[in-house]
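Written out below as structure tokens is the structure these notes cover.
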Amino acid sequence: MVSTEKPPAATPDQRPAAPPAGTVKRQLPSFAVIGVLSTLFYLVLYVAARWLVDAQAANLIALAVSAVANTAANRRFTFGITGSDGAVKHQLQGAVAFLIGLGLSAGMLALLDRAVPDASKAVEVGGLIVANGLATVVRFLLLKVWVFKD
Numbered sequence: 000m001v002s003t004e005k006p007p008a009a010t011p012d013q014r015p016a017a018p019p020a021g022t023v024k025r026q027l028p029s030f031a032v033i034g035v036l037s038t039l040f041y042l043v044l045y046v047a048a049r050w051l052v053d054a055q056a057a058n059l060i061a062l063a064v065s066a067v068a069n070t071a072a073n074r075r076f077t078f079g080i081t082g083s084d085g086a087v088k089h090q091l092q093g094a095v096a097f098l099i100g101l102g103l104s105a106g107m108l109a110l111l112d113r114a115v116p117d118a119s120k121a122v123e124v125g126g127l128i129v130a131n132g133l134a135t136v137v138r139f140l141l142l143k144v145w146v147f148k149d
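Okay, so the sequence shown: first residue is 0 according to numbering that gives the first Met the number 0, each after it adds one.
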């Protein structure tokens, strides 16, 4: 006997945000776009904060704010996770990637301060772009294999 009953509709928390998110081929373009936007957001915050505080404090402020936004955007668009279930856990796990990025960027600023004590803000920003590039690779790997594992 064939049932004519329809399955229940998915609730908003159960619907995927995008096509199946498991493939790196699908995830990398989204991650790249979010990464570029997050980096621009971070750099704007850094430059603005740099007028008020020293380089290390500006880096911490800018990275902390942009990391939360980055994790939320990647959760939704790169890995297709919607709803609030697990959001706090994902942000806490994303904090590990934040700490790695903070270590790389703070290390770069300390290295610049030692090597070029009077470096311009443009040189600082250039060093931070390099450090954030390295942190981005680590971030994707952590998000893929630990935070948003399939």
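C-beta atoms are modelled at their ideal positions from N, C-alpha and C, and glycine is treated no differently.
Cβ-based burial, residue i [other Cβ within 10 Å; buried from 16]
i, result
"Lys148", "exposed"
"Val146", "buried"
"Thr22", "exposed"
"Lys120", "exposed"
Through-space distance from residue j to residue i, alpha-carbon basis
i, j, result
"Ala114", "Ala63", "26 Å"
"Phe78", "Val35", "17 Å"
"Gly82", "Gln90", "14 Å"
"Gly126", "Val87", "31 Å"
"Ser37", "Leu111", "23 Å"
"Lys24", "Ile33", "15 Å"
"Asp117", "Val136", "30 Å"
"Arg74", "Leu103", "23 Å"
Tell me the start and end of each unbroken alpha helix (DSSP H) in the region 60-139 that is at least 4 residues and wholly inside, in chain order. 86-114
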